[in-house]
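Visitor: Quick one: the structure is below, and I'll ask about it shortly.
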Amino acid sequence: TTRSWDFLGFPQTPTEELPLEGDIIVGMLDTGIWPDSPSFSDDGFGPPPSRWKGVCQNFTCNNKIIGARAYRGRSSDGLSPLDDEGHGSHTASTVAGRAVGNVSFGGLAAGVARGAVPGARLAVYKVCWSRGGCGEADILAAFDDAIADGVDVISFSIGSPMPWQYFESAQAIGSFHAMRRGVVTSTSAGNSGLTGGRVCNVAPWMLSVAASSIDRRFVVKIVLGNGETIVGASINTFPTLTNATLAFPANGSCDPDNLAGGSYKGKIVLCPPPAKIGHPNDGSGPLSAGAAAVVIVTRASDVAFVLPLPGLTVTRDQFDQIMAYVNSTSNPVATIDRTETTGNPQAPAAASFSSPGPNLITPGILKPDLSAPGIDIIAAWSMLSSPTGNPSDNRKVQYNIISGTSMACPHASGAAAYVKSFHRDWSPAMIMSALITTATPMNTPGNSGWTALKYGAGQLSPVKARDPGLVYDASDGDYVAMLCAQGYNATQLALVTGSNATACAAAGGSAGDLNYPTMAARVEPGRNFTVRFPRTATNVGAAGAAYDVKVEVALEAAKDVTVDVSPRRLEFTAPSQKVSFTVTVSGAAPAEGQVHSAAVLWYNDEHQVRSPVVVYAAE
Amino acid sequence: VADGDGRQVYIVYLGHLSSPGLSESEDGVSAVEFAHHDLLNQVLDDSSSASDRILRSYKRSLNGFAARLTEQEANELSSMDGVVSVFPSGIHEPL
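Protein sequences appear in the order of chains A and B.
So the mapping is simple: my numbering equals the position in the first sequence, first residue as 1, plus 27.
So the mapping is simple: my numbering equals the position in the second sequence, first residue as 1, plus 15.
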């Protein structure tokens with residue numbers, strides 16, 4: 028990406044650190060990869076680490092892409108891991124793309140494109156197909172292989188509108204076994220924020236990443252014939268379209284079938300929201316009807332989409348403004364400009380589409396965990412696909428601008444790989460903790476209306492995550508104890524761990540007892556409550572480090588909530604030493620659907636270790 | 016999606032893998048795969064063969080398999096000793 032890492036304050040990898048990263052292998056479960064992208068050059072790379080056990084099936088690897096497999100149904104024979112969509116190349120280059128200069132999309136987002144860990148290796152597991160989606164049987168096969176092959180980090184930008192029970196979810200099962208082998212899995216939170224869905228990848232042993240904005244926006248102006256100017260959004264690199272006729276579809280639908288045979292050639296077609304859910308409103312209908320441009324109503328006004336023809340997206344109010352002009356004149360015309368780049372002083376703001384919590388599977392674990400850039404991200408693309416994926420769009424680009432929690436996830440995957448490159452012995456829980464407790468808080472004016480249920484601990488901060496001071500560690504036994512508290516039976520859990528010693532002994536425990544870096548509780552609306560979170564901090568800083576605690580309670584919750592921490596000082600005498608404390612949160616529960624937010628901050632002169640505390644009331 | 020026989024792909028999750036299924040017999044089938052076939056054959060009638068039904072065996076890092084099953088077969092498997100869960104292989108999307 029050309030901007031997001033700078034926005035996160037994450038500098039280019041110094042040349043001397045590239046070999047350190049070369050021992051890190053990131054497994055990408057996605058749509059494959061386009062190996063000819065300059066982002067995946069292996070210039071200057073040595074051979075793969077000797078521990079690597081992966082293979083390259085129907086694919087020519089290099090010393091950057093050291094593994095490639097494809098999965099679809101019964102056999103992998105003859106399947107190609109080549110990316111014919113672009114998504115997998117985009118995510119892979121965000122994690123580990125080489126630094127490539129003079130990158131842009133038609134002049135937009137120009138700069139040096141780079142991944143988090145350009146020296147790291149990539150192993151590609153193609154589980155998603157342009158027709159057929161991503162089958163769970165294939166996903167689990169990819170986890171099975173990736174873990175055994177020897178990856179260090181798994182990046183999983185795949186999901187659904189809702190979560191599934193842990194042992195009825197391929198990614199939850201796969202990432203559990205990854206965690207047991209020291210492999211951290213980073214996942215997307217989901218894109219259902221506008222359609223009522225909930226965060227989808229919620230297991231506590233995986234990182235769940237929400238999408239947020241960066242300090243760059245792409246806007247497009249449409250100037251109506253009456254002189255009014257409306258500012259919408261899109262990635263419009265087509266020449267300016269001057270004084271073209273505005274046309275509203277005969278039946279109010281921009282479906283290709285509806286527009287076929289109409290006289291839309293050379294006109295700007297105005298597309299209201301589709302009447303039926305699932306019908307695309309992506310400009311494909313106006314394109315096939317020969318339109319010169321399109322104006323589309325969007326609910327995701329924070330996103331600049333690439334359209335297959337000139338045009339822009341606008342809000343419903345803006346669309347109504349255009350329609351008022353159209354209905355006021357016999358010859359409505361407009362001019363559509365090329366995209367302009369502007370700043371975004373509100374950033375980081377939670378993406379409208381990013382799936383919010385609460386966590387429907389384990390209400391006592393906050394998900395998503397944190398946020399990362401996921402709006403208008405430029406990264407590598409496949410030359411086998413157009414930038415829109417529309418078969419009538421004949422453009423080919425090496426770098427494309429797209430949005431989604433798919434784009435946020437690889438930022439966190441890359442940061443996890445970065446942390447791992449300095450701390451090879453850290454467990455997945457330690458790496459997750461480092462990323463979560465160092466995130467930059469997002470309770471800012473730009474996020475008014477959102478809560479930690481939407482953006483988690485805040486915005487990813489890779490440089491701070493490298494040196495977090497304290498971490499909250501957890502082993503597979505700790506996760507099993509959490510599952511016991513949630514009602515999973517011991518026999519089932521003994522099979523999962525392969526240990527007869529697995530027993531649900533700690534009756535009466537709760538999910539909130541898991542040594543997780545955030546603290547969440549669902550409470551009864553309107554009732555008084557008291558919840559306790561036992562935690563153990565592991566010292567990963569100086570041997571004699573000491574921390575004092577500060578409690579931050581959001582203004583709106585201050586009169587209703589008390590947060591006590593005991594003890595209020597943590598003193599360490601050795602590296603890796605563990606010290607326990609308890610956070611007690613009490614008060615009056617919020618109203619149904621409302622959230623009380625606070626944070627527990629352990630601090631000294633060198634470090635700030637921040638844990639959000641979220642109490643919410645929901646059915 | 017169920018086929019004409021009412022079968023669809025299920026994942027049969029068996030949990031921890033005691034030893035990776037790398038050693039193979041002369042016909043290329045590992046002990047782990049044999050165990051998967053044995054398990055599945057216990058719920059199939061004589062007209063079906065496990066080897067025709069199993070799409071994939073998970074045998075390198077975790078234990079389980081994916082197979083085309085009827086709902087009844089899936090239910091029978093889910094109640095057997097050694098089975099953690101049996102669930103339909105859903106379809107997800109890139110996000």
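Glycine is no exception: its CB is placed at the ideal position from the N, C-alpha and C atoms.
Identify whether A/K577 lies in helix, strand or coil by the three-state DSSP scheme.
Guide: The answer is strand: DSSP assigns A/K577 an E or B state.
Visitor: Strictly below 7 Å CB to CB, what residues from chain B border A/E195?
Guide: The answer, in chain order, is S100 and F102.
Visitor: Between the region 416-432 of chain A and the region 465-484 of chain A, do at least 3 Cβ pairs fall closer than 8 Å?
Guide: No contact exists between the region 416-432 of chain A and the region 465-484 of chain A.
Visitor: Taking 8 Å as the cut-off, does the region 143-151 of chain A touch the region 80-87 of chain B (at least 3 CB pairs, one atom from each stretch)?
Guide: At 8 Å Cβ cutoff, the stretches do not touch.
Visitor: Residues in its own chain within less than 6 Å of A/P639 by CB, not counting five upstream and five downstream?
Guide: The residues are A479, A484, T545 and A626.
Visitor: Verify the CB distance criterion: does A/I304 have a CB-CB separation below 8 Å to chain B?
Guide: Not closer than 8 Å to any Cβ of chain B, the Cβ of A/I304 fails to qualify, so no.
Visitor: Opposite A/W629 in the DSSP bridges: which residues?
Guide: BP columns for A/W629 point to A/V576 and A/V636.
Visitor: In this structure, how does DSSP classify A/E551 when only helix, strand and coil are distinguished?
Guide: Coil, per DSSP.
Visitor: Could you tell me whether any Cβ in chain B is nearer than 8 Å to the Cβ of A/L167?
Guide: Yes, A/L167 lies at the interface with chain B (some Cβ there is under 8 Å from its Cβ).
Visitor: Can you find at least 3 beta carbon pairs, one from the region 613-625 of chain A and one from the region 118-131 of chain A, that sit closer than 8 Å?
Guide: The region 613-625 of chain A vs the region 118-131 of chain A: no contact.
Visitor: For A/K605, which beta-bridge partners are listed by DSSP?
Guide: BP columns for A/K605 point to A/T565.
Visitor: On a CA-only basis, which of A/T267, A/L393 and A/S488 is nearest A/R225? Give me that one, please.
Guide: Closest option to A/R225, Cα to Cα, is A/L393.
Visitor: Have a look at the DSSP bridge pairing and note the partners of A/G162.
Guide: In DSSP, A/G162 forms a bridge with B/I106.
Visitor: Report the three-state DSSP secondary structure of A/H623 (helix, strand or coil).
Guide: DSSP places A/H623 in strand when its eight states are reduced to three.
Visitor: Kindly list, in the order they appear in chain B, the residues whose Cβ is closer than 9 Å to that of A/D587.
Guide: The contacting residues do not exist; A/D587 stays about 36 Å from chain B at best.
Visitor: Which partner residues of A/C298 appear in the DSSP bridge assignment?
Guide: A/C298 is bridged to A/I323.
Visitor: Taking contact to mean 3 or more Cβ pairs, one atom from each stretch, closer than 8 Å, check whether the region 248-265 of chain A and the region 446-454 of chain A are in contact.
Guide: Result no; under three Cβ-Cβ pairs closer than 8 Å.
Visitor: Using the C-alpha atoms, what's the distance from A/I174 back to A/R596?
Guide: For A/R596 and A/I174, the distance between alpha carbons rounds to 39 Å.
Visitor: Taking 8 Å as the threshold (beta carbon to beta carbon), is B/R75 in contact with chain A?
Guide: Yes, B/R75 lies at the interface with chain A (some Cβ there is under 8 Å from its Cβ).
Visitor: Can you pull the DSSP bridge partners for A/P400?
Guide: The partner list for A/P400 (beta bridge, DSSP) reads A/S239.
Visitor: Ordered along the chain, which non-local residues of its own chain (more than five positions away) have a Cβ less than 6 Å from that of A/N417?
Guide: S311 and P335, listed in sequence order.
Visitor: Going by the beta-carbon positions, is the gap between A/I4 and A/A316 smaller than 8 Å?
Guide: Nothing about residue 4 of chain A can be reported from this structure: the residues present for chain A run from 28 to 646 only.
Visitor: Could you pull out every residue in the same chain whose Cβ sits closer than 8 Å to the Cβ of A/G279, ignoring the five residues on either side in sequence?
Guide: Cβ neighbours of A/G279 beyond the five flanking positions: P299 and A302.
Visitor: For the region 508-522 of chain A, which residues have a CB atom closer than 7 Å to at least one CB atom of chain B, in sequence order?
Guide: Of all residues in the region 508-522 of chain A, Q519 and L522 have a Cβ within less than 7 Å of some Cβ in chain B.
Visitor: Let me know the secondary structure DSSP gives A/T342 once reduced to three states.
Guide: If DSSP states are grouped into helix, strand and coil, A/T342 belongs with coil.
Visitor: Use the C-beta contact count for A/T369: other C-beta atoms within 10 angstroms, 16 or more gives buried, fewer gives exposed.
Guide: It counts as exposed.
Visitor: Of all the CB atoms in chain B, is at least one closer than 8 Å to the CB of A/I11?
Guide: The question about residue 11 of chain A has no answer, for chain A in this structure spans 28 to 646.
Visitor: Counting only beta-carbon separations shorter than 8 Å, does B/R22 have a partner in chain A?
Guide: Answer no: the Cβ-Cβ gap between B/R22 and chain A never drops below 8 Å.
Visitor: Measure the alpha-carbon distance for A/P489 versus A/G162 and round it to whole angstroms.
Guide: Going by the C-alpha atoms only, they are around 32 Å apart.
Visitor: Answer yes or no: does any C-beta atom of chain B fall closer than 8 Å to that of A/I200?
Guide: Yes - at least one Cβ of chain B is within 8 Å of the one on A/I200.
Visitor: Let me make sure I understand the geometry here. Which of A/K491, A/P313 and A/G441 has the alpha-carbon closest to that of A/V636?
Guide: Per the Cα distances, A/K491.
Visitor: Residues of the region 131-155 of chain A with a CB closer than 7 Å to any CB of chain B: list them in chain order, please.
Guide: Here the close residues are C155.
Visitor: Which bits of chain B does A/D172 rub up against, with CB to CB less than 7 Å?
Guide: R75, listed in chain order.
Visitor: What is the rounded straight-line gap between the Cα of A/D165 and the Cα of A/R99?
Guide: The straight-line gap from Cα to Cα measures roughly 6 Å.
Visitor: Can you tell me the Cα-Cα spacing of A/L314 and A/F346, whole angstroms?
Guide: Taking the straight line joining both Cα atoms gives about 19 Å.
Visitor: Just mark A/I93 as buried or exposed, buried being the case when its beta carbon has 16 or more other beta carbons within 10 Å.
Guide: By the neighbour-count rule (16 or more Cβ atoms within 10 Å), A/I93 is buried.
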